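**Q**
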Ligand code: ATP
Ligand code: MG
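In my numbering, the protein residues as written are 4 to 673.
#1: Among the candidates 243, 190 and 524, whose CA atom is the shortest distance from the CA of residue 215?
#2: Could you check what DSSP says for residue 420 in three-state terms: helix, strand or coil?
#3: What residues match up with residue 99 in a beta bridge as DSSP calls it?
#4: When you compare each of 255, 598, 220 and 112 to residue 135 by their alpha carbons, which one comes out closest?
#5: Leaving out the 5 sequence neighbours to the left and right, which residues in its chain are closer than 8 Å to residue 97 when beta-carbon positions are compared?
#6: On a Cα-Cα basis, can you pick out the residue from 224, 89 and 462 that is closest to residue 192?
#7: Could you name the residues whose beta carbon sits closer than 7 Å to any heavy atom belonging to the ligand MG, keeping them in chain order?
#8: Spell out the partners DSSP gives residue 539 in its beta bridges.
#9: Confirm, please, whether the CB-CB distance from residue 581 to residue 564 is below 8 Å.
#10: As a quick exercise: from 479, 516, 557 and 276, pick the residue whose alpha carbon is nearest that of residue 385.
#11: How far does the alpha helix (DSSP H) with residue 226 in it extend, from its first residue to its last?
#12: Residue 153: beta carbon under 7 Å from a heavy atom of the ligand ATP?
#13: Residue ranges of each alpha helix (DSSP H) run of no fewer than 4 residues wholly in the stretch 354-389, ordered along the chain?
#14: Just mark residue 411 as buried or exposed, buried being the case when its beta carbon has 16 or more other beta carbons within 10 Å.
#15: Which residue from 202, 368, 126 and 95 puts its Cα closest to that of residue 143?
#16: With three or more beta-carbon pairs closer than 8 Å as the criterion, would you say the stretch 367-385 touches the stretch 506-515?
#17: Quick one: is residue 611 buried, meaning 16 or more other Cβ sit within 10 Å of its Cβ, or exposed?
#18: Could you please give the first and the last residue of the uninterrupted beta strand (DSSP E) stretch that includes residue 581?
#19: What residues are listed by DSSP as bridge partners for residue 272?
#20: Quick test of your reading: residue 43 and residue 312, contact by CB under 8 Å. State the CB separation rounded to the nearest angstrom.
#21: What does residue 179 pair with, by DSSP beta-bridge criteria?
#22: Using the C-alpha atoms, what's the distance from residue 373 back to residue 129?
#23: Could you compute how far the alpha carbon of residue 434 sits from the alpha carbon of residue 606?
#24: Where do the N-terminal and C-terminal ends of the beta strand (DSSP E) with residue 320 fall, by residue?
#25: My output table needs one value for residue 185: the three-state DSSP class, helix, strand or coil.
#26: Taking the C-alpha atoms as reference points, what is the distance between residue 89 and residue 273?
#27: Three-state secondary structure (DSSP) at residue 25?
#28: According to DSSP, is residue 112 part of a helix, a strand, or is it coil?
#29: If you measure from the CB of residue 449, is any heavy atom of the ligand ATP nearer than 7 Å?
#30: Where does residue 298 sit, in a helix, a strand or coil, going by DSSP?
#31: When every heavy atom of the ligand ATP is checked, does at least one fall within less than 7 Å of the C-beta of residue 329?
#32: Is residue 32 helix, strand or coil by DSSP?
#33: Which whole-angstrom value describes the C-beta separation of residue 485 and residue 441, a residue pair presumed to lie in contact below a C-beta threshold of 8 Å?
#34: Taking 7 Å as the cut-off, is the C-beta of residue 325 nearer than that to any heavy atom in the ligand ATP?
#35: Given 7 Å as the limit, tell me if residue 502 has its C-beta closer than that to any heavy atom belonging to the ligand ATP.
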């Protein structure tokens, strides 16, 4: 059975797996030979990298990054777990992202196509960007910010967010971005933790058709006491009325207008800190993850070029992540610009003014590479195919996914509906801590398996181990670990070396413990099973949240699912599922029983949820990840834990109310 120009599918898999397809683990999508022929990466890259990973990374660093002082040292692991990469080299991240492209004659290339939510647009060339980052760097200097200082960034998704980050990097100051949807409280604790000197914010941003104020949250945060803050730099975005503290507050446009458009980047050592970023808080209190310059940029640029098969002069790349989380750092602010690409930045929500907004943008800018999260894909599935179908998406040639396991049903929908049944999909596993992608297929090389992140990238050593740190055999499951230092790895948790050691390095000697459960299939490909904290134990069987969720999402009525284990006197834990039904489908008396039977059929009777709750929304972080620990609190009738990174705080009350209803099902888990 042949796919339209896309290679072949093994077994009896349908050519166009529609949303109704149940799990077909044997589904394979071999690369299209035409794609492979033009791909940046060739199969030999794996053997080359594993023969001498350090030499491999050194070559990437020399080829992809411009150094002010070339390095001679590659890796110093003598202070483990704090690595030093390329330590005797010096460089500047902003110079690499901007100036060198202008110097190479590409100043006229568009770096950023900005699409504001109300429909305003900007096209910013590399030459424009150089002028902007230079003015911004001079303005920061005039406000007393210098190398090593911390700058808190609290902005909507507008070009100034990228410019602010690059301007900090240009002078060697560390940025600490706090997602614009966070409260004054969350902003305050992060300002305090990092002892920031300056906050960069905006009067507001556009969301769901309205101008949403941002500056009041900064004022509230600073009113709680923030002695290290000297100034607040405010971008004018919405023009709404804004309270002002004279002497402290400064308008961005006025500061930049007064500054010179020329600025010499500050050359820093490769290990100079680049930024602090707090994790999503899916599993607990957020950690201030510290990244440095040379290794981070190297792995960012390498992965962006090879995993997306980027052709800088012709591709139009769009990553939908907000700058508030790590994907918005590595794959919006840094990698695409370091690689000299043209990218789209969109300010608003996917359903403003209509549910076709994203697909309008793809058509308008002829986006060729799209990188988004499974939660967004499932939302689009819920909304229906008519929205993407109304637009010409034929420019797309590579699709990416990040943030959670992508359910096979969502993967096949993504490829069929968005990727015209042609495009490779790269399911990229990585974390705030890893700084850049770690496990992912390479398009043009890997035969793709929906739902699996598959293979460690060249130069990366990742494995699945058992409780005693032994690699599990193919077909086995356990804990995901990284076995070798990698260039973009975190260099610590800001201000908390002990937590750094405890969280990542104490579980298995000499291995980085990622906190995720995983399995290796019979080919040795890696499947992520969910957080280790979320793995359930039912009557002695270890069950994966990700697998049961995928089984539920493979049912034609289900758009999204979250599964948790709730304590139970007899079985240890019982499976409790929360599901959102697809658009147009109503819950009836049979729904819950039908879904339970479906899970039993897909995985086995042991995985059958004891309770299934149909809900309207799931608790998610601002980056769209389901916060299962909060659902577990609800399922076990506990007070809900730290919910400060929850995107919508009203969701938990609604869900808790639903759980107070008598169970719709009374039969046992098996
Ligand atoms: P915290 O560490 O504070 O609990 P978090 O882990 O949600 O927050 P991030 O660093 O944004 O913060 O998320 C990284 C995690 O996201 C990974 O550890 C993994 O659980 C999940 N993840 C990311 N990409 C994938 C993927 N492609 N497949 C499966 N899971 C993924
Ligand atoms: Mg994490």
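Virtual Cβ for every residue (Gly too), placed ideally from N, Cα, C.
Computed from a predicted model, the values in this text were never measured in an experiment.
**A** Working from what's here:
#1: Position 212 of the chain shown holds residue 215. Of the candidates 243, 190 and 524, the one whose C-alpha sits nearest the C-alpha of residue 215 is 243.
#2: For the purposes of this step, residue 420 is identified with residue 417 of the chain shown, where counting begins at 1. Helix.
#3: Mapped onto the chain shown, residue 99 falls at position 96. In DSSP, residue 99 forms no bridge with anything.
#4: For the purposes of this step, residue 135 is taken as the residue at position 132 of the chain shown. Selected option, being the one with the closest Cα: 255.
#5: Against the chain shown, residue 97 aligns to sequence position 94. Within the same chain, residue 97 has close Cβ partners 136, 140, 169, 170, 172, 173 and 268.
#6: What you label residue 192 is simply residue 189 of the chain shown in a count that begins at 1. Among 224, 89 and 462, the Cα nearest to that of residue 192 is on 224.
#7: 282, 283, 285, 286, 434, 435, 436 and 518
#8: Stepping through the chain shown from its first residue, residue 539 is reached at position 536. Bridge partners of residue 539: 546.
#9: If you number the chain shown from 1, residue 564 lands on position 561. If you number the chain shown from 1, residue 581 lands on position 578. The answer is yes: Cβ separation under 8 Å.
#10: In the chain shown, the residue the question calls residue 385 occupies position 382. Among 479, 516, 557 and 276, the Cα nearest to that of residue 385 is on 557.
#11: In the chain shown, residue 226 corresponds to position 223, counting from 1. Note, residue 226: alpha helix (DSSP H), 218-226.
#12: If you number the chain shown from 1, residue 153 lands on position 150. For the ligand ATP, not one heavy atom lies less than 7 Å from the Cβ of residue 153.
#13: 360-368 and 377-386
#14: Residue 411 sits at position 408 when you count from the first residue of the chain shown. When all chains shown are included, residue 411 counts as buried.
#15: As a position in the chain shown, residue 143 is number 140, starting the count at 1. The shortest C-alpha separation from residue 143 is found at 202.
#16: no
#17: Working through the chain shown from its first residue, we reach residue 611 at position 608. Classification for residue 611: buried.
#18: As a working mapping, residue 581 is identified with position 578 in the chain shown. Looking at the DSSP string, the run of the beta strand (DSSP E) that includes residue 581 is 575-584.
#19: Your numbering for residue 272 matches position 269 in the chain shown. Per DSSP, 93.
#20: On the chain shown, position 40 is the one that residue 43 refers to. On the chain shown, position 309 is the one that residue 312 refers to. Contact holds; Cβ gap of about 5 Å.
#21: One-based indexing of the chain shown puts residue 179 at position 176. According to DSSP, which records beta bridges pairwise, residue 179 is partnered with 155 and 279.
#22: On the chain shown, residue 129 is found 126 positions in, with the first residue counted as 1. On the chain shown, residue 373 is found 370 positions in, with the first residue counted as 1. One C-alpha to the other measures close to 21 Å.
#23: Against the chain shown, residue 434 aligns to sequence position 431. Against the chain shown, residue 606 aligns to sequence position 603. If you take the alpha carbons of residue 434 and residue 606, they lie about 28 Å apart.
#24: In the chain shown, the residue the question calls residue 320 occupies position 317. It spans 319-322 - the beta strand (DSSP E) in which residue 320 sits, taken as one unbroken run.
#25: Your numbering for residue 185 matches position 182 in the chain shown. Of the three classes helix, strand and coil, the one that applies to residue 185 here is coil, per DSSP.
#26: Stepping through the chain shown from its first residue, residue 89 is reached at position 86. Stepping through the chain shown from its first residue, residue 273 is reached at position 270. Cα-Cα distance, rounded: 6 Å.
#27: As a first step, residue 25 is located in the chain shown; it is residue number 22 there, counting from the start. Per-residue confidence for residue 25 stands at a pLDDT of 39, beneath the threshold of 50, marking its modelled position as unreliable; the derived number appears in the next sentence. Reduced to three states, the DSSP call for residue 25 is coil.
#28: Working through the chain shown from its first residue, we reach residue 112 at position 109. The answer is coil: DSSP assigns residue 112 none of H, G, I, E or B.
#29: In the chain shown, counting from the first residue as 1, residue 449 sits at position 446. It does not: the Cβ of residue 449 is nowhere closer than 7 Å to a heavy atom of the ligand ATP.
#30: Position 295 of the chain shown, counting from 1, holds the residue named residue 298. Helix at residue 298.
#31: Counting from one through the chain shown, the residue named residue 329 turns up at place 326. Yes, since a heavy atom of the ligand ATP falls inside the 7 Å radius drawn around the Cβ of residue 329.
#32: Against the chain shown, residue 32 aligns to sequence position 29. Three-state result, residue 32: strand.
#33: The residue given as residue 485 occupies position 482 in the chain shown. The residue given as residue 441 occupies position 438 in the chain shown. That pair is a contact at about 7 Å.
#34: The count along the chain shown starts at 1 and reaches residue 325 at position 322. No, since every heavy atom of the ligand ATP falls outside the 7 Å radius drawn around the Cβ of residue 325.
#35: In the chain shown, counting from the first residue as 1, residue 502 sits at position 499. No, the ligand ATP has no heavy atom inside 7 Å of this Cβ.
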